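First comes the structure, then the notes that go with it.
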Amino acid sequence: MIARRRSTTSGFAVVDSILLRSLRDHYEEVAKMTPPPKVSPPSSFTIVKGALDTHGPVLKRMYGSEQISIYVTRLGNIIRGGDDDDDDDDGINQLFLHVEMSKPGQKNSLLFLCGLYPDALGIHSVSMRPNLESEGILVVPSQYTGPSFQ
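So my numbering is basically just the index in the sequence shown, starting at one, shifted up by 121.
See below:
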């Protein structure tokens, strides 16, 4: 039995080694890619200064009677590169956008939760939530607000 455990353990070690090597190689290739050029938002949006530090809306605009607010959530790198002295914050693994559309006087607003990827934008969910425009904060719905399934 002991010999069997050793061979199983060494098999796991080989698989772990292969997976870690593959992850490291993938991360090093991605790190070599040049980031896309920085672009300004469309002229109809206004940039809210310091919004990333306060978790407030980053971009705002009025479209007819609707106010559109875009919030950004950043997730830092999960895997660090080999350079320990490279402490720049340019590496971002994933970005999430919360797009809120509200109308003055309405008690609810429409919320889109989107994921940004290097080559695509994905809409993960669409929901209604209480409109907290006076507080200027984003609250994720605490109950299911989607359609009723029968």
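Quick reminder that beta carbons are idealized off the backbone N, C-alpha and C, glycines included.
As the structure is a prediction and not an experimental result, all values here were calculated from the model.
- Two segments are said to touch when three or more pairs of C-beta atoms, one from each, lie closer than 8 angstroms; by this definition the region 140-152 does not touch the region 160-177.
- Residue 175 and residue 181 have their C-alpha atoms roughly 15 angstroms apart.
- Take the alpha-carbon of residue 156 and the one of residue 163: they are about 20 angstroms apart.
- Judged by DSSP secondary structure, residue 225 falls outside any beta strand (DSSP E); it is assigned neither H nor E.
- Around the C-beta of residue 218, 16 or more other C-beta atoms lie within 10 Å, and the residue is accordingly described as buried.
- C-alpha of residue 238 to C-alpha of residue 215: approximately 7 angstroms in a straight line.
- Cα atoms of residue 188 and residue 223: separation of roughly 5 angstroms, rounded to the nearest angstrom.
- Cβ contact annotation for residue 252 (same chain, cutoff 8 angstroms, sequence separation greater than five): 223, 227, 228, 229 and 230, in chain order.
- For residue 252, there is no enclosing beta strand (DSSP E), as DSSP marks it with neither H nor E.
- Under the DSSP assignment, residue 183 falls in the beta strand (DSSP E) whose first and last residues are 180-184.
- Shown here, residue 131 sits in a helix according to DSSP, grouped into three states.
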